[in-house]
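> Structure incoming, see below.
Residue numbers (our numbering): 19 to 418.
Written out as structure tokens, the structure is:
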């Protein structure tokens, strides 16, 4: 491979993209307390279906770097999770996750099949794509102090469980898209069983490694902590991928394991010093911009000369937002305060990376109009969920 000087238009486009995603995040953070929407909008503007400014190679690189950013965001969530709270509220989180997965599928079949007269399989595939929760959006909006609350812990755990459910649904849709009538049992069981095995294995690893590193010299620990952090994250992500579960689940477990092995202030200090600056200024904005690039916005205006896709998309978006918000009713069943329930409800609304992946897998099952309607719901729920959480947290901060 020879070294070639990049063309000036490519240099200008790339540099302006990197600069503008941070400017937009700052502006949106000031206005609506949801900076990630700024980089999302810049991604949409620079995307192939809009201005098409960025070279294809840079778009591909942005997707890769953005996904690394997502993994680091989830890893940070594991570092800051209160494990005592997580254990106490695991049943609550599971109820929220299952409701948040089932309700969008059920309501999609009701509206799309019986209301819009789409096919049953098409309606199921649409609901399946909207059954996920954007873990990246949730983590980016929740500050560490909120992650240490019952609401924050329940929301993070429910989003993680939704991600595992998303893997199962994606595998099922892949079989259905391939015209397979019979779905092998292991297609559904593998992601669930592997996730359980990883969680149990991490528990025993934490006990054994905690005893081992207790005798590790403090001076060497401080110097090698960054290497251990990166090695552990890389190993967990690779292992979870090849074993058949979610890379995000692996990243979360890696963070939780590290927080248990080392003193919380030590692991967090290394993360805040070496990784968080890169995450907040570069990797996180690039991730949300890459989500914006992946949205097929040209299909949102009209299909075959008809504009009904717009109002159908808006109606479906509101229904899908309500479907996710309803999962927070379990917070009231567990007798938590209304404020925590509202936060969980708003946090569950945002879709994002998993919804886009499942939609692409379901593409052979969707008509052009159904695909546009699902895209409308993904876009509006991701943006709306982020705005609602941001405004809610700002309001709570003002009251306190």
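Glycine included, each C-beta is placed from N, C-alpha and C at the ideal position.
The alpha helix (DSSP H) with residue 297 in it runs from where to where?
Residue 297 -> no alpha helix (DSSP H), and no H or E assigned at all.
> Hey, residue 349 and residue 176: beta-carbon distance below 8 angstroms or not?
Cβ distance not < 8 angstroms, so residue 349 and residue 176 don't count as in contact.
> Whose C-alpha, out of 288, 229, 280 and 222, is nearest the C-alpha of residue 244?
Ranking 288, 229, 280 and 222 by Cα distance to residue 244 puts 288 first.
> Between the C-alpha atoms of residue 386 and residue 321, what's the straight-line distance to the nearest angstrom?
Approximately 7 angstroms between the Cα atoms of the pair.
> Short of 6 angstroms in beta carbon distance, which residues of its chain neighbour residue 307, apart from the five on each side in sequence? Order them along the chain.
Excluding sequence neighbours, residue 307 sits near 39, 57, 60 and 61.
> Sort out for me which residues DSSP pairs residue 321 with in a bridge.
Paired residues: 324.
> Look at the alpha carbon of residue 411 and the alpha carbon of residue 327, and state the distance between them as a whole number of angstroms.
Cα-Cα distance, rounded: 33 angstroms.
> Going by DSSP in three states, residue 28 sits in which element: helix, strand or coil?
Here residue 28 sits in helix by DSSP.
> Is the beta carbon of residue 90 less than 8 angstroms from the beta carbon of residue 293?
In contact: residue 90 and residue 293 (Cβ atoms closer than 8 angstroms).
> Would you kindly work out how many angstroms separate the C-alpha atoms of residue 194 and residue 383, rounded to a whole number?
Their backbone Cα atoms lie some 8 angstroms apart in a straight line.
> Taking the alpha-carbon positions, what's the residue 107 to residue 355 distance?
Residue 107 and residue 355: Cα-Cα distance of roughly 14 angstroms.
> Can you list, in chain order, the residues of its chain with a C-beta nearer than 8 angstroms to that of residue 120? Leave out the 5 residues immediately preceding and following it.
Cβ within range, chain order: 149.
> May I have the straight-line CA-CA distance separating residue 285 from residue 182, to the nearest angstrom?
Looking at the two C-alpha atoms, the distance is approximately 27 angstroms.
> Buried or exposed: which applies to residue 202, given that a residue is buried once 16 or more other Cβ atoms fall within 10 Å of its Cβ?
Residue 202 is exposed by the Cβ-count criterion.
> Is it right to say residue 122 is buried, meaning 16 or more other beta carbons lie within 10 angstroms of its own, or is it exposed?
Residue 122 comes out buried.
> Skipping 5 residues on each side, what residues in its chain have a beta carbon closer than 8 angstroms to that of residue 343?
Once the five neighbours on either side are set aside, the close Cβ partners of residue 343 are 363, 364, 366 and 367.
> Residue 369 by DSSP, collapsed to three states: which one?
Coil.
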